[in-house]
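Asks: Have a look at the structure that comes next, please.
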Amino acid sequence: MELIALPAFADNYVWMLHDGQAALVVDPGDAAPVFEALQRHGLQLRSILVTHHHADHVGGAAALREATGARVFGPSRERIPEPLTRLAGGDRLPVDASTLGLAFEVIDVPGHTAGHIAYWCPAIDDADGSPVLFCGDTLFSGGCGRLFEGTPAQMLDSLDRLAALPGNTRVCCAHEYTLSNLKFARAVEPGSADLLHYSAQCEQQRALNQPTLPSRIALERRINPFLRVREPLVAQAARGFDAGAQDAVGVLAALRQWKNEFK
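Positions 1 to 263 (the UniProt record's numbering) are the ones given, in order, by the sequence shown.
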């Protein structure tokens, strides 16, 4: 099995898993890079996994489905074009040819959108072998998604669920936002050695035009302020932006608004 990040648009990634014959993709906002990868590797597309309804995540799904016959899976509570197998937290994808025999579990992660879901697989038969999380726009390396439809309380609950996954889980975010997120994270925790080390590593990767992803859950617990809202130094920094940030939900809300305005 091989895990590939296919660049799309300015900063999106369409994630692809393939076994040399069959493939599945996640959040294909643009069909073109998927078609190119299928042709280059000689693959048959079996499944399309969608995390939420935004066009840069679902825009290429119909063309891919019509051209390949791939089965589409997506959130039960969002406006995704049919035909679609609708899923909610606690559901499991079929362990069959359409999913390359992989055991995907669905996690509800509202916040960025009202019905956003994520897909977690406890083991992938590749050189790494560790779990894989396809989290769309809920969790980014060093950050989290904007709250377009959900509440800070929902986002906190969603991030807590993802942070509780095994530490070696590979975090496959849908955007290359890492450097801008880390710049903000350093403003929140300027004394973090883990954060400074990771920032230098990511800057080197981007200088070589390499993805900074996937990240790891254990790393995000150490460097991502949105997973660290209960840490005293993070809460203190958030209250410097909004003195009313007195509990974890308030801290997350303050951090998200601070990040929205951060330059």
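By construction, the Cβ of each residue, glycine as well, lies at the ideal position given by its N, Cα and C atoms.
Tell me which same chain residues have a C-beta within less than 8 Å of the C-beta of L38, skipping the five on either side of it?
Replies: Contacts found: A23, Q44, L45 and T68.
Asks: By how many angstroms is the C-alpha of P83 removed from the C-alpha of A187?
Replies: One C-alpha to the other measures close to 45 Å.
Asks: Look at the Cβ atom of H116, then the Cβ atom of D137, and state whether they are nearer than 9 Å.
Replies: Their beta carbons are under 9 Å apart, which means H116 touches D137 by this criterion.
Asks: So, under 8 Å CB-CB, D51 and D19 are touching, yes? Tell me the CB distance rounded to an integer number of Å.
Replies: As written in the sequence, residue 51 is Thr, which differs from the Asp given in the question. At roughly 22 Å, the Cβ-Cβ gap does not stay under 8 Å, so T51 and D19 are not in contact.
Asks: So, helix, strand or coil for L49, using DSSP?
Replies: L49: strand per DSSP, three-state reduction.
Asks: When burial is assigned at 16 or more other CB atoms within 10 Å of the CB, is N260 buried or exposed?
Replies: The residue is exposed, with fewer than 16 neighbouring Cβ atoms inside 10 Å.
Asks: Please report the Cβ distance between L17 and L139, rounded to the nearest whole angstrom; I am assuming they are in contact, meaning their Cβ atoms lie under 8 Å.
Replies: About 19 Å separates the two Cβ atoms, so there is no contact after all.
Asks: Considering only residues of the same chain and omitting the five flanking positions on each side of F104, which have a CB-CB separation below 8 Å?
Replies: Contacts found: L49, R92, L93, Y119, W120 and C121.
Asks: Alpha carbons only, please: which of F134, G111 and T178 is nearest the one belonging to G150?
Replies: Looking at the Cα atoms, G111 is the closest of the given residues.
Asks: Are the CB atoms of R206 and L179 nearer to each other than 9 Å?
Replies: Yes, the pair counts as a contact, with Cβ atoms nearer than the cut-off.
Asks: Bridge partners for C202 per DSSP, in chain order?
Replies: Answer is none; C202 lacks a bridge partner.
Asks: So, are the CB atoms of D242 and R222 less than 9 Å apart?
Replies: No, these two residues do not count as a Cβ contact at 9 Å.
Asks: CA-CA distance, C172 and N12?
Replies: For C172 and N12, the distance between alpha carbons rounds to 11 Å.
Asks: Helix, strand or coil for M155, going by three-state DSSP, please let me know.
Replies: Correct three-state label for M155: helix.
Asks: Using the DSSP secondary-structure output, state which residues sit across from G136 in a beta bridge.
Replies: Bridge partners of G136: C173.
Asks: Taking 7 Å as the limit between beta carbons, can you name the residues of its chain near R65, skipping five residues before and five after?
Replies: Cβ neighbours of R65 beyond the five flanking positions: I48 and V72.
Asks: R86 bridges to which residues according to DSSP?
Replies: DSSP, once it has assigned bridges, lists G74 as partnering R86.
Asks: Where A114 and E78 are concerned, what is the direct C-alpha to C-alpha distance, given to the nearest angstrom?
Replies: Using only the alpha carbons, I get a separation of about 8 Å.
Asks: Can you tell me which of V109, L87 and A237 puts its alpha carbon nearest to the alpha carbon of L159?
Replies: That would be V109, whose Cα lies nearest to the Cα of L159.
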